[in-house]
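A short worksheet on the structure shown next.
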Amino acid sequence: MSGRPDGAVAVPASVGRLARGAVLEPVWENEAGGLTFCTGERYLKWAPTDLAPEAARLRWAAAWTPVPEVLEHGSDDEGSWLVTRAIPGRSAVDPRWMAEPAVAARAIGAGLRALHDALPVDECPFDWGVASRVRRAGSSGDLVDDAPPVDVLVVCHGDACAPNTLLADDGTWAAHVDLGTLGTADRW
1 MSGRPDGAVA VPASVGRLAR GAVLEPVWEN EAGGLTFCTG ERYLKWAPTD
51 LAPEAARLRW AAAWTPVPEV LEHGSDDEGS WLVTRAIPGR SAVDPRWMAE
101 PAVAARAIGA GLRALHDALP VDECPFDWGV ASRVRRAGSS GDLVDDAPPV
151 DVLVVCHGDA CAPNTLLADD GTWAAHVDLG TLGTADRW
């Protein structure tokens, strides 16, 4: 299950080098083996999969909406990494916001509304529609009889969830993170 690591975490060699002597705090571990560490002013994300698409999406979205600034990314034989500048705020699954679920829910909704309103569909080079997701899954389309009609085309987060939403100290939406699958799709 994804979440904050409970025990000791093995630090990938590339992350150790990128930390440049800073103390690494493990803040997230996902089911795919990905890890995220914080140094206070930077986040270092490591994954066994390619993080270059996420770096490209963050750079594109940054022109219109609050997202982490990409400082560097790369890969080696063990995996890939993405280094971003920290944004003031806490994940909606931080204990503070878990204790105030109504505040977190409002902020998550406001953040998604802001994302859909701010990102220009006509300028988005990324696709997250049903057909492209089925193709990426390696399916011939047999899993979906007929794709539903598009109601309103928007730029979707791609993994909109509480952990990927940052809230400011006053409980308002601050930013989105984890945009690795951002792209145009139906708003539903």
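Just so we're aligned, residue 1 is where the sequence shown starts under the UniProt record's numbering, counting upward by one.
From the three backbone atoms N, C-alpha and C, an ideal C-beta is built for every residue, glycine too.
Between the beta-carbon of V155 and that of V121 there is about 6 Å, and that keeps the pair under the 8 Å contact cut. Per DSSP, reduced to three states, the secondary structure at S2 is coil, with no helix or strand assignment. In the DSSP assignment, R42 falls within the beta strand (DSSP E) that extends over 42 to 47. Using a C-beta cut-off of 8 Å, the region 57 to 66 makes no contact with the region 38 to 46, since fewer than three inter-stretch Cβ pairs fall below that distance. When the five nearest sequence neighbours on each side are left out, the beta carbons in the same chain lying within less than 8 Å of the beta carbon of P125 are those of W60, in order along the chain. When secondary structure is reduced to three states using DSSP, E31 falls in the coil class, being assigned neither helix nor strand. Nearest to I87 by alpha-carbon distance, out of G34, G40, P26, is G40. The Cβ atoms of V15 and W81 lie closer than 8 Å to each other. Rounded to whole angstroms, the separation of the alpha carbons of P149 and V11 is 45 Å. Residues P26, V27, W28, E29 of the same chain have their beta carbon placed closer than 8 Å to that of R4, with the five preceding and five following residues left out of the count. Minimum Cα-Cα distance from V83 among the listed residues L35, G111, R187 corresponds to L35. The C-alpha of L167 is placed about 5 Å away from the C-alpha of R90.
Minimum Cα-Cα distance from L51 among the listed residues C38, T65, E78, P66 corresponds to E78. Put simply, the backbone Cα of D127 is about 19 Å away from that of T49. Note on geometry: alpha-carbon atoms of A56 and A99 lie some 34 Å from one another.
Here A104 really is in contact with A92; their C-beta atoms are around 4 Å apart, less than 8 Å. With a beta-carbon spacing of about 22 Å, E54 and L153 fall beyond the 8 Å limit used to define contacts. Here R187 has H116, D151, V152, V154 as same chain residues with Cβ atoms under 7 Å from its own Cβ, once five neighbours each way along the sequence are excluded. Checking the DSSP bridge columns, you'll see A175 partnered with L166.
Between T172 and A107 a beta carbon distance of about 6 Å is seen, short of the 8 Å cut, so the two are scored as contacting.
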